[in-house]
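Here the structure comes first, spelled out in structure tokens, and everything after it is commentary.
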Amino acid sequence: MSDALFETTHDMIMLARRNLDQDNWDYICGAAESETSLRRNRLSLDCLAFRPRICRDVSDINTETEFFGQKLRIPVLLAPMGGIERFSVNGGLDADTAAEEFGTVNFLSTVCQPSLEEVAANSPHPKSFQIYVRGDDDWIRDLVRRVVKADYATVTLTVDSAFYGNRERLNPAQLALRRVASREWQKKITWDTVKLIQDEIGDRPLILKGIMTAEDAALAVEHGVQGVYISNHGGRQLDHVLGNIQMLPEVVAAVDGKAEVFIDGGFTRGTDIVKAIALGAKSVGIGRLQAYGLGAGGAEGLVRCLELLEREIITTMGLIGVTSLDELGPECVTEAMPVTLPHEHSAFPHLPGGRVQ
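Each residue of the sequence shown is one higher than the one before, starting from 1120 at the first, in the working numbering.
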């Protein structure tokens, strides 16, 4: 990948802003109500500092991990994003192409274009399908059978969307999405829904996305779920929850090694990724950052975004004094006072005016 497209994440964000209209920009950046959950995602990351060790040979750093047997070049996943075609003309195809080229896994959302079959045919690279429930049990069965037939490696059920978050930054047309009748089915998700999907997918791993408490993480393990995905939907659903990384230690303890733990929410720099791995996450999903990469340059822009994250992760690991992800642990971080007020762009202080509107 050439550096010509953009050299820094700041450049990427500015390029994405120039390419996207106001409606789609607000769709990326906005969150629910006071956007407190969004800001806490960022604040909780900023309230962690590193405890670096010295005089260690860090000349050879390995950032690789696995996602249910699939090798990842870095511990970063492309989080499911509804309406990803807003940011890149080829939508889910561009995300899939970037995932294959770079070496990671993308999650295709139910509410994303093109179809799950078209994205599956785009590459043989393993991918996960994320389900928003939009119908009754027969609807779920039909969808899951399509997913299995298309050979998605894992299935992800989003469980934090019983109601559509009150996203007041969005324009009236986007706010009307909360009135889509089929969303009513999200309110009916129970552990019986989990069992129904498990019965259809066979030995494929099932991931629950939207877990925010140790209690639900433990219940997920009891119900045979293989992946626990900590997420508050980027602050776009329930406002006034804790920052996601604040929940990570208690969820890891509750899971007790019986399932993989993933996380997203405000992760925009390599330092953020390293903090999550140190506290027990297997890998980290990127949502807004993914949209910025796609908005800046489609599949090529997203690959470049991942390359920049890789550079930051390697630099951070080397300066901490570790050479592989399994050397990261809670002893690598400590609590600290934040130095900036959090918002969706507070990790990028060199943007004009501190943020892009």
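The beta carbon of each residue, even a glycine, is placed where N, CA and C say it ideally should be.
Under the three-state reduction of DSSP output, Leu1227 falls in the strand class. Taking one beta carbon from each stretch, the stretch 1371–1391 and the stretch 1154–1170 have 3 or more pairs nearer than 8 Å; the two touch. Note on geometry: alpha-carbon atoms of Glu1379 and Asn1363 lie some 16 Å from one another. For Gln1249, DSSP records a beta bridge to Ser1228, Thr1275. For Ala1272, the closest alpha carbon among the candidates Phe1248, Tyr1283, Asp1130 is that of Phe1248. Look at the beta carbons and you see the stretch 1189–1202 touching the stretch 1398–1417: at least three pairs across the two are nearer than 8 Å.
A contact is defined here as three or more CB-CB pairs under 8 Å, and the stretch 1297–1312 fails this definition with respect to the stretch 1205–1221. Under DSSP, Ile1432 forms no beta bridge with any residue. Look at Thr1184 here: in three-state DSSP terms it is strand. In this chain, the beta strand (DSSP E) harbouring Lys1190 covers 1189–1191.
Bridge pairing for Tyr1348: Lys1328, Phe1381 [DSSP]. Between Leu1398 and Pro1449, the CB-CB gap stays under 8 Å.
Ranked by how close their Cα comes to the Cα of Lys1246, the residues Asp1261, Ala1214, Gly1201 have Ala1214 in first place. Nearest neighbour of Gln1365 by Cα position, chosen from Cys1166, Asp1279, Thr1435, Pro1461, turns out to be Cys1166.
Note: Glu1154 is not bridge-paired with any residue in the DSSP secondary-structure output. The continuous beta strand (DSSP E) containing Glu1454 extends over residues 1452–1454. Note that the C-beta distance between Val1340 and Val1313 is not below 8 Å. Note: Ile1405 is bridge-paired with Leu1197 in the DSSP secondary-structure output. For Ala1168, the enclosing beta strand (DSSP E) starts and ends at 1167–1169.
Exposed is the label assigned to Trp1310, since fewer than 16 other Cβ atoms lie within 10 Å of its Cβ. Put simply, the stretch 1341–1356 touches the stretch 1322–1330. At least three CB pairs are less than 8 Å apart. With fewer than 16 other beta carbons inside 10 angstroms of its own, Glu1454 counts as exposed. One alpha carbon belongs to Thr1184, the other to Met1436, and they sit about 14 Å apart. In the three-state scheme derived from DSSP, where H, G and I count as helix and E and B as strand, Ser1163 is classed as helix.
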